[in-house]
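The structure appears right after this line, and notes come after that.
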Amino acid sequence: MNPIIVSAAYDSTIIFWNSEGVFIDLMREEDGRNRKPVLAMSIVNEGTGLVAAYNGKLKLFDINKPRGESELRCNGVVENFNCMDYSDISRRLVTGSDDSMVRVWDAHRQTPNCTMEMRLSMDVLSVRLHPNQHTIFACDVNGAMCHMDIRNRSKTLISSPNLGLNEKMYAVAVSPNGKYLAAGTSQGRIFVWETHDFAAPVVVTKPANRRKFFKFNAAMAGCMAVARRAIEPSVSASWNSEPFVATVEKFVTNIRFKDNGTFVAMFCNGDIEVWSVHERDNKKPLLNLVDNRTRCLWAWDCAFTIVNNEDCALVCTGTDLRLWNMENGWVQRTFRGHAAPVTSFAYREAQVA
1 MNPIIVSAAY DSTIIFWNSE GVFIDLMREE DGRNRKPVLA MSIVNEGTGL
51 VAAYNGKLKL FDINKPRGES ELRCNGVVEN FNCMDYSDIS RRLVTGSDDS
101 MVRVWDAHRQ TPNCTMEMRL SMDVLSVRLH PNQHTIFACD VNGAMCHMDI
151 RNRSKTLISS PNLGLNEKMY AVAVSPNGKY LAAGTSQGRI FVWETHDFAA
201 PVVVTKPANR RKFFKFNAAM AGCMAVARRA IEPSVSASWN SEPFVATVEK
251 FVTNIRFKDN GTFVAMFCNG DIEVWSVHER DNKKPLLNLV DNRTRCLWAW
301 DCAFTIVNNE DCALVCTGTD LRLWNMENGW VQRTFRGHAA PVTSFAYREA
351 QVA
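Going by the numbering used here, the final residue of the sequence shown carries number 353, and the count climbs one at a time with no gaps.
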């Protein structure tokens with residue numbers, strides 16, 4: 001069975017790819033007025049369904065016949081679902097949205113239904129389901145990170161005395177064995193905890209290495225709203241009508257664990273860095289994934305695979321997906337087909353029959 005590779009863009013276009021970088025199928029809202037960014041996606045039910053979040057809705061597509069769709073419903077009206085995470089073990093889908101809600105969905109049914117809602121203080125930006133299947137970690141736009149237990153609906157705030165002034169935690173990740181928790185901040189730093197002790201995080205990047213400023217060309221990215229969704233919480237200068245946003249800090253957009261010790265951190269300026277929780281050298285990552293041919297504009301998400309017996313990372317950057325060799329840092333393949341910036345990504349490794 002081939003891997004399932006799906007990317008979606010700001011203009012609501014969803015593309016299914018093969019492993020060679022050729023698109024297999026394309027879907028898009030027919031009505032131009034409904035073309036809004038697909039902000040999150042997950043492949044569910046053992047690779048048979050795709051849940052996509054856009055225009056305030058969660059839609060479930062049958063991957064075998066993606067033109068057919070059904071809508072997942074919950075209480076209230078949701079402006080945007082910003083993030084999600086899914087586990088095939090428990091068939092639980094977890095979502096975070098602009099109404100400050102973390103929702104748990106039961107995907108055992110053909111159409112998942114919402115079984116639980118828990119509220120944070122502000123819009124939810126990042127969620128991860130722990131491998132134990134009953135613990136959720138979430139970050140909101142205020143930079144608060146919470147630990148939630150599905151069993152008793154308890155909620156605990158996780159903080160760190162090492163956070164700097166106005167530094168906020170925006171992205172969260174959990175290692176496959178559940179031992180390590182990582183959080184990325186608005187100042188480009190990454191905190192790592194062992195999950196049995198949230199009091200003592202290891203800071204794997206130093207602030208001095210991340211206090212970089214750059215100008216973001218919104219016209220180049222296709223739409224100002226993409227920039228607004230991602231970086232408005234950390235803008236140090238007010239928004240204006242010019243196509244540039246000045247003095248924006250380099251902040252972490254996403255973190256993904258490759259294994260129980262190595263993770264990839266992605267940044268709003270396109271930087272992609274490979275770090276190890278076991279390396280206590282805070283000065284530099286194990287590897288920088290750089291495309292010397294074309295500079296990356298934004299790095300949103302990634303997945304891991306093996307090509308020719310070598311570890312690779314498939315990362316969505318700007319309007320493309322790029323396949324990096326994690327042994328040497330070279331780009332092996334580029335997936336091109338989107339006209340607008342890629343805003344979400346889903347991947348499922350090929351399964352042995």
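Glycine residues also receive a C-beta, built at the ideal position from the N, C-alpha and C atoms.
Nothing here was measured: the structure is a model prediction, and the numbers come from that model.
Short Cβ contact (7 Å threshold) for residue i with residue j
i	j	result
A346	I89	no
T334	R348	no
Y180	V274	no
K250	F263	no
G337	F23	yes
V104	M122	no
C316	V342	yes
E310	N288	no
L72	S100	no
G96	V124	yes
Bridge partners - residue i, DSSP secondary structure assignment
i	result
A182	A173, V192
G96	C83, V102
S7	I15, F345
K65	Bridge partners of K65: none, in fact.
S126	C139
K57	Y54
V331	W324
V38	Y54
K155	M148
Own chain, CB closer than 6 Å to residue i, minus 5 neighbours either side, in chain order
i	result
S126	C83, C139, A171, V172
S175	F257, N260
Own chain, CB closer than 7 Å to residue i, minus 5 neighbours either side, in chain order
i	result
G178	H130, P131, N132, T195
S87	L129, Q133
N2	N18, S19, A350
N113	W105, D106
G329	L287, N288, L289, V290
Integer Cβ distance of residue i from residue j, believed to fall under 8 Å
i	j	result
L58	F81	6 Å
K168	M118	Between M118 and K168 the Cβ distance is about 20 Å, and since that is not below 8 Å, they are no contact.
I190	A265	6 Å
C296	G270	3 Å
W300	N254	6 Å
L188	V94	First, the residue type needs correcting, since residue 188 is Gly and not Leu in the sequence shown. Not really, about 26 Å apart at Cβ, beyond 8 Å.
Min CB distance residue i to chain D below 7 Å
i	result
N288	In summary, chain D is missing from the structure at hand, where a single protein chain is found.
Cutoff 8 Å; reference residue i; Cβ partners in own chain excluding five residues on either side
i	result
M145	F137, A138, C139, L157, I158, S159, M169, V172, A183
N64	T48
L26	T13, I14, I15, F16, G337
A199	Because the pLDDT of A199 is 49, which lies under 50, any placement of that residue in the model is unreliable, and the question is left without a value.
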